[in-house]
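Enquirer: I have a structure I would like to understand better, so I am pasting it below and will then ask my questions one at a time.
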DNA sequence: TCATAATATGACTATCAATCATATAACACT
DNA sequence: AGTGTTATATGATTGATAGTCATATTATGA
């Protein structure tokens, strides 16, 4: 009796449809200016039906945001594979970060115009799922930093958790502010690159190459 | 005929009253959950009267936020006086930052729960005023960094504007995220101190024995 | 064929920012 | 003082929208 399973599949498909519609509208007009009525209208269903699948509008936001974060996470994971030392991997994540946020400016705008509603996500399931994706991203950074300490590319007095937190906060904070200032894509990249070099200068082990000057590539 | 002047004074006084009432309510219940009606009720005036002095609720937010930012700026200016080198001044600003945000957690919560509405402020006069305060704060940091480069405490290849931007974004980003996580005051301070040391490690001029990087401004 | 459960609907409620026609008070000028 | 003009104040009204709920429709299974 595959009824339950079919029902479950149907449910997931419906949820997906709603998320997709919401995403398009959020991208187009922003979260605040999109009404649940509009989302429903786009799918030609009743507003009440949306609430059958998502307990409130914010959960819908978390679902969309999580999609974006998942894409980013996958890009980081790819980037990490292509570098050897922990430090290089950390920098590779940085470059992937720039790549992601340049190529997905819709997600960037949506997420950074609404950071305030993405703490650890709300209390609903979608919020929690997004929080997990955030935690996984953080975990990746911490792991990479730890490796760097082991392989000698990162100074041993670095605190992996704190560094991951500070570095990602810096980048988030910068992107957020630049969003408001409507900085050009080019300026954005320059600023981020500068910040990454700053981090590198701060944490690279003093071993072979003396601390690299900020602003110089590699 | 001091009539115009008295009127002007009266206007300022009224505005002040409204800002103060709004601040108390924003602190107590947050921006979103405070209605303009409540603000008016607290002052025993009609809602319409509020709109006689502020064109919308957001302007009221900017006015309150600006107060907070002014207090902080003054603390930074004090802190700067008590250090000698540019690098020390930069670190002193950092410590003042911690002091301000610990002692004024009401402002901290209000501002960081609402960063999204404080880009460069909105288009109204209060938003613009807040933007000016922000610019002044940034200007102070840039000036201090420039001095550091001149007096040799900060590496000459540092870009003052970019460093100021990256560093303040980092701190903002961290505070914002910690607000959501409800980190304790203690953890908060530790994290911020760590971030400041990271910045110091990245920008402090190398010890005297080491040759200064070529192309130093001075 | 019918009872039960799942899904869908859209009218309705509640909330609130912002507006506006109307009223009152302050002022300037004679 | 008397009068027209401007500034200030009011609160009922509008418009928008998130979320609810009684009711209807459809699917399932005995």
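Protein chains in written order, with the working numbering: chain A, 252 to 469; chain B, 252 to 469. Every residue, glycine too, gets a C-beta built ideally from N, C-alpha and C. Because the structure is a prediction, the values reported are computed rather than measured.
Spell out whether any CB of chain B is found under 8 Å from the CB atom of residue 424/A.
Expert: Residue mapping note: residue 424/A aligns to position 173 of the first chain, counting from 1. Yes, its Cβ sits closer than 8 Å to a Cβ of chain B.
Enquirer: Tell me whether residue 297/B is buried or exposed, calling it buried when 16 or more other Cβ atoms sit within 10 Å of its Cβ.
Expert: Walking along the second chain from the start, residue 297/B turns up at place 46. Flag for residue 297/B reads exposed.
Enquirer: Taking Cβ positions only, does residue 446/B come closer than 8 Å to chain A?
Expert: Stepping through the second chain from its first residue, residue 446/B is reached at position 195. For residue 446/B, the answer is yes, since a Cβ of chain A falls inside 8 Å of its Cβ.
Enquirer: Got a sec? Which residues, its chain only, sit under 8 Å from residue 269/B by beta carbon, not counting five neighbours each side?
Expert: Sequence index remark: in the second chain, residue 269/B carries index 18 (1-based). Excluding residues within five positions, the ones whose Cβ falls inside 8 Å are 290, 294, 301, 304, 305 and 311.
Enquirer: Which same chain residues end up closer than 6 Å to residue 272/A when comparing Cβ atoms and leaving out the 5 residues on each side of it in sequence?
Expert: Locating residue 272/A in the first chain gives position 21, counting from the first residue. The answer, listed in chain order, is 290, 293 and 294.
Enquirer: Any beta carbon of chain A sitting closer than 8 Å to that of residue 259/B?
Expert: Residue mapping note: residue 259/B aligns to position 8 of the second chain, counting from 1. No, because no Cβ of chain A sits closer than 8 Å to the Cβ of residue 259/B.
Enquirer: Can you pull the chain A residues whose beta carbon is under 7 Å from the beta carbon of residue 339/B, in chain order?
Expert: The count along the second chain starts at 1 and reaches residue 339/B at position 88. Those within 7 Å of residue 339/B in chain A number zero; the least Cβ separation is about 18 Å.
Enquirer: Classify residue 452/B as helix, strand or coil using the three-state DSSP reduction.
Expert: Counting from 1 along the second chain, the entry for residue 452/B is found at position 201. Correct three-state label for residue 452/B: helix.
Enquirer: Within 8 Å of any Cβ in chain A, is that where the Cβ of residue 252/B sits?
Expert: For the purposes of this step, residue 252/B is taken as the residue at position 1 of the second chain. Bear in mind that the predicted position of residue 252/B carries a pLDDT of just 49, short of 50, making it too unreliable to give a figure here.
Enquirer: Can you round the beta-carbon distance between residue 282/A and residue 365/A to whole angstroms, since I take them to be within the 8 Å contact cut?
Expert: In the first chain, the residue the question calls residue 282/A occupies position 31. In the first chain, the residue the question calls residue 365/A occupies position 114. Right, the Cβ-Cβ distance comes to about 5 Å (below 8 Å), so this counts as a contact.
Enquirer: Is residue 428/B close to the ligand FAD? I mean its beta-carbon at under 7 Å from any heavy atom of the ligand.
Expert: The ligand FAD is not part of this structure, which contains no ligands at all.
Enquirer: For residue 327/B, collect the residues of the same chain with a Cβ closer than 7 Å to its Cβ; drop the 5 residues on either side in sequence, then sort them by chain order.
Expert: Taking the second chain and counting its residues from 1, one reaches residue 327/B at position 76. Excluding residues within five positions, the ones whose Cβ falls inside 7 Å are 344, 347, 388 and 391.
Enquirer: Given residue 436/B, which residues of its chain have a CB within under 7 Å of its CB, disregarding the five upstream and five downstream residues?
Expert: Here residue 436/B refers to the residue found at position 185 of the second chain. 353.
Enquirer: Out of curiosity, what's the CA-to-CA distance linking residue 381/A and residue 322/A?
Expert: One-based indexing of the first chain puts residue 381/A at position 130. One-based indexing of the first chain puts residue 322/A at position 71. Going by the C-alpha atoms only, they are around 12 Å apart.
Enquirer: Please decide whether residue 420/A counts as near chain B, where near means a Cβ-Cβ distance under 8 Å.
Expert: Start at 1 with the first residue of the first chain, and residue 420/A comes out as number 169. For residue 420/A, the answer is yes, since a Cβ of chain B falls inside 8 Å of its Cβ.
Enquirer: For my contact list, residue 434/A and residue 425/B are in at a C-beta cut-off of 8 Å; report their separation, rounded to the angstrom.
Expert: Start at 1 with the first residue of the first chain, and residue 434/A comes out as number 183. Start at 1 with the first residue of the second chain, and residue 425/B comes out as number 174. With 8 Å as the limit, residue 434/A and residue 425/B do not qualify as a contact, their Cβ atoms being about 21 Å apart.
Enquirer: Using the Cα positions of residue 443/B and residue 420/A, report the straight-line distance between them to the nearest angstrom.
Expert: Taking the first residue of the second chain as 1, we reach residue 443/B at position 192. Taking the first residue of the first chain as 1, we reach residue 420/A at position 169. Cα-Cα distance, rounded: 11 Å.
Enquirer: Bridge partners of residue 405/A, per DSSP?
Expert: Working through the first chain from its first residue, we reach residue 405/A at position 154. Answer is 455/A.
Enquirer: Using 10 angstroms around the beta-carbon of residue 335/B, count the other beta-carbons present and answer buried if the total reaches 16, otherwise exposed.
Expert: The sequence position of residue 335/B within the second chain is 84, counting from 1. Exposed, since its Cβ has fewer than 16 Cβ neighbours within 10 Å.
Enquirer: Kindly list the residues whose CB is nearer than 7 Å to the CB of residue 330/B, restricted to its own chain and excluding five residues on each side of it in sequence; keep chain order.
Expert: One-based indexing of the second chain puts residue 330/B at position 79. 343, 344, 346 and 347, listed in sequence order.
Enquirer: Who are the near neighbours of residue 263/A in its chain, counting only those whose CB is closer than 8 Å to its CB and skipping five residues on each side?
Expert: For the purposes of this step, residue 263/A is taken as the residue at position 12 of the first chain. Answer for residue 263/A: no residue qualifies.
Enquirer: State the DSSP-derived secondary structure class of residue 389/A, mapped to helix, strand or coil.
Expert: Looking up residue 389/A in the first chain gives position 138. Note: residue 389/A maps to helix in three-state DSSP.
Enquirer: Please list the segments of the alpha helix (DSSP H) lying wholly inside the stretch 301 to 373 of chain B, counting only runs of 4 or more residues, in order along the chain.
Expert: If we require 4 residues or more, the alpha helix (DSSP H) runs fully inside the stretch 301 to 373 of chain B come out as 308 to 332, 337 to 354 and 356 to 363.
Enquirer: Are the beta-carbon atoms of residue 316/B and residue 276/B separated by less than 8 Å?
Expert: On the second chain, position 65 is the one that residue 316/B refers to. On the second chain, position 25 is the one that residue 276/B refers to. Cβ atoms of residue 316/B and residue 276/B: not closer than 8 Å.
Enquirer: Could you give the DSSP three-state label for residue 433/B: helix, strand or coil?
Expert: Against the second chain, residue 433/B aligns to sequence position 182. Residue 433/B: coil per DSSP, three-state reduction.
Enquirer: For chain A, check one thing: does any of its Cβ atoms lie closer than 8 Å to the Cβ of residue 391/B?
Expert: Position 140 of the second chain, counted from the first residue, corresponds to residue 391/B. No, residue 391/B does not count as interfacial toward chain A.
Enquirer: Quick check: the Cα distance between residue 457/B and residue 406/B, rounded to an integer number of angstroms?
Expert: As a first step, residue 457/B must be located in the second chain, where it is residue number 206. As a first step, residue 406/B must be located in the second chain, where it is residue number 155. Going by the C-alpha atoms only, they are around 7 Å apart.
Enquirer: Can you check whether the C-beta of residue 413/A is within less than 8 Å of a C-beta belonging to chain B?
Expert: For the purposes of this step, residue 413/A is identified with residue 162 of the first chain, where counting begins at 1. Chain B, which has a Cβ nearer than 8 Å to the Cβ of residue 413/A, makes this yes.
Enquirer: Roughly how far, in whole angstroms, is the beta-carbon of residue 355/B from the beta-carbon of residue 385/B, given that I think they are within contact range, below 8 Å?
Expert: By one-based count along the second chain, residue 355/B stands at place 104. By one-based count along the second chain, residue 385/B stands at place 134. Between residue 385/B and residue 355/B the Cβ distance is about 16 Å, and since that is not below 8 Å, they are no contact.
Enquirer: What residues in its chain sit with their C-beta under 7 Å from that of residue 350/B, if we drop five residues either side in the sequence?
Expert: Residue 350/B sits at position 99 when you count from the first residue of the second chain. If we look at residue 350/B and ignore the five residues flanking it on each side, its Cβ neighbours are 326.
Enquirer: Flag this pair as yes or no: are the beta carbons of residue 397/A and residue 411/A separated by less than 8 Å?
Expert: Walking along the first chain from the start, residue 397/A turns up at place 146. Walking along the first chain from the start, residue 411/A turns up at place 160. Against a cut-off of 8 Å, the Cβ pair of residue 411/A and residue 397/A comes out as a contact.
Enquirer: Listed in chain order, which residues of the stretch 271 to 287 of chain B have Cβ atoms closer than 8 Å to some Cβ of chain A?
Expert: Residues passing the 8 Å Cβ filter: none.
Enquirer: May I ask you to report which of helix, strand or coil DSSP gives residue 296/A?
Expert: Here the question's residue 296/A lines up with position 45 in the first chain. Note: residue 296/A maps to coil in three-state DSSP.
Enquirer: Is it buried or exposed, residue 279/A, if we count other Cβ atoms within 10 angstroms and call 16 or more buried?
Expert: The sequence position of residue 279/A within the first chain is 28, counting from 1. Exposed, since its Cβ has fewer than 16 Cβ neighbours within 10 Å.
Enquirer: Would residue 324/B pass as an interface residue toward chain A - the criterion being a Cβ-Cβ separation below 8 Å?
Expert: For the purposes of this step, residue 324/B is taken as the residue at position 73 of the second chain. With 8 Å as the cut-off, residue 324/B does not count as an interface residue toward chain A.
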